[in-house]
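Just so you know, we're using this note's numbering here: the sequence shown kicks off at 4 and counts up by one.
In this text, a Cβ means the ideal position worked out from N, Cα and C, and glycines have one as well.
Notes to accompany the following structure.
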Amino acid sequence: MQENVNLDLIAIGDAVADTFIRLSEGEEVWDANHTTEKLCLSFADKVPYEFAETIYAVGNSANAAVSASRLGLKSALISNIGDDQIGKDCLESLHQNVVDTSFIKVNQEMKTNHHYVLWFHDERTILIKHFEYPYEMPNVGNPKWLYLSSLGASSLEFHTKIADYLENHPDIKLCFQPGTYQMKFGTDALKRIYVRSDLFFCNVGEAQRILKTTETDIKKLMQTMREFGPKTVVITDGPKGAYAYDGQNFWFMKPYPDPKPPYERTGAGDAFSSTVTSALILGKSLSEALEWGAVNSMSVVQDIGAQRGLLSEAKIKEWLDKKPGGWQAEKI
């Protein structure tokens, strides 16, 4: 990175390689309470699959960095990789997507995170493993935004360093899209992160888990989440759409109509969250940003993985120019 060149968005989070395994056999089964759907495969058998493909440098934060870059922003990623071939392939993928890799640490004698995606119909079940990297917060100057998302189980102390950096750089805005371990850490442990967040994303189930509630009213979930500190809360509800609350107005954003049935849904939430953030950086209003996010989310599910379908600003505008009548962010 050139000296004294401040970036628009720096994403912080674990980078991974995803190997997609397209299953040709399996069964979707609900549990006894009809609350959790399970993917069932024949035990102790040989299960056929159609094909397998590995996609490099993905993960919530890497996806956000690529999304921002596609939209014309100067983006970078703070992450850790191993000194293996997968790590080299991850760096090459980021370079091809014009993401600054200056803050990615290559850890000697360690492996790069590698996940396996069991892809059945248009949904997926992901087998994950995060290695325990030595997390450090580098001096990244004064970017416009930090985008914090999924980190490993050993990253709790790292969040304190991130909070310290933000405290010393009050002009930086923060987007927080918590991953699995960040939700497990709890709101008390990450209080400084929640309080500092300008923008917060999660889905309905994650909101209930974070707030330790069975509340189903999304307006109430957003209001309660905002009490923990985030200025604007966005809660997604899968194919039903997304909701936002900025302390004054509630918004609902229905999905952009799919041009054809979704191919594979990995990264739809990341595309939405990162695009909303990038649109705000580009000066769009919250309602406009929600529309941008819906378009990019629609595009991503038309291809394999979380990044191939990410659009440029020009392409998003093309889709918006031909949006159906009545399709827009609505106050509710």
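Nearest in C-alpha terms to alanine 332, of all of Phe179, Arg311 and Ser288, is Ser288. Within 10 angstroms of the beta-carbon of serine 45 lie fewer than 16 other beta-carbons, which makes it exposed.
Of Ala282, Gly90 and Tyr248, the smallest CA-CA separation from threonine 57 is found for Gly90. In this structure, the beta-carbon distance from leucine 159 to phenylalanine 134 does not fall below 8 Å.
Using a Cβ distance threshold of 8 Å, arginine 127 and glutamate 28 do not count as a contacting pair. With a cutoff of 8 Å on beta-carbon distance, phenylalanine 106 and valine 143 are scored as near each other. Under the DSSP assignment, arginine 127 falls in the beta strand (DSSP E) whose first and last residues are 126-130. With 16 or more neighbouring CB atoms inside 10 Å of its own CB, serine 276 falls in the buried class. Here DSSP, grouped into helix, strand and coil, assigns glycine 270 to coil. With 16 or more other Cβ atoms inside 10 Å of its own Cβ, glycine 232 counts as buried. Classified as buried, lysine 176 has 16 or more neighbouring CB atoms from the shown chains inside 10 Å of its CB.
Residue range 159-171 is occupied by the alpha helix (DSSP H) that includes leucine 169. The Cβ neighbour count for cysteine 43, taken over all protein chains shown within 10 Å, is under 16; the residue is labelled exposed. Three or more beta-carbon pairs separated by less than 8 Å are not found between the stretch 297-307 and the stretch 202-213, which leaves the two stretches without contact.
In chain order, Ser64, Ala67, Ala68, Leu80 and Tyr150 place their CB closer than 6 Å to the CB of alanine 14, counting only its own chain and leaving out the 5 sequence neighbours on each side. In this structure asparagine 110 is in contact with asparagine 83, their Cβ atoms being roughly 6 Å apart against a cut-off of 8 Å.
Valine 50 and methionine 256 have their alpha carbons spaced roughly 40 Å apart.
In this structure, DSSP gives leucine 76 a state outside helix and strand, which the three-state scheme calls coil. The secondary-structure analysis by DSSP pairs phenylalanine 253 across a beta bridge with Tyr248. In the DSSP assignment, valine 32 falls within the unbroken beta strand (DSSP E) covering 30-33. Judged by DSSP in its simplified three-state form, arginine 25 adopts strand. Beyond the five residues adjoining it in sequence on each side, leucine 10 comes within less than 6 Å, by CB distance, of Lys77, Ala79 and Pro146 in the same chain, given in chain order. Taken through DSSP and simplified to helix, strand or coil, asparagine 110 comes out as strand. Beta-bridge annotation (DSSP): glutamate 139 is not paired with any residue. Only residues of its own chain outside the window of five on either side were considered, and among them Arg195 have a CB closer than 8 Å to the CB of threonine 163, listed in chain order.
When the beta-carbon positions are compared, histidine 118 and valine 237 stay at least 8 Å from each other.
With respect to the 8 Å criterion, threonine 280 and leucine 202 are classified as neighbours on the basis of their beta carbons.
Apart from sequence neighbours up to five positions away, the residues of its chain that approach lysine 108 with a beta-carbon distance below 6 Å are Asn83, ordered along the chain. In the three-state DSSP reduction, lysine 41 falls in the strand class (E or B). Residue range 12-15 is occupied by the beta strand (DSSP E) that includes isoleucine 15, with no alpha helix (DSSP H) assigned at that position. A buried status is given to valine 304, since no fewer than 16 other beta-carbon atoms sit within 10 Å of its beta-carbon. Taking every protein chain shown into account, the CB of glutamine 310 has 16 or more other CB atoms within 10 angstroms, so this residue is buried.
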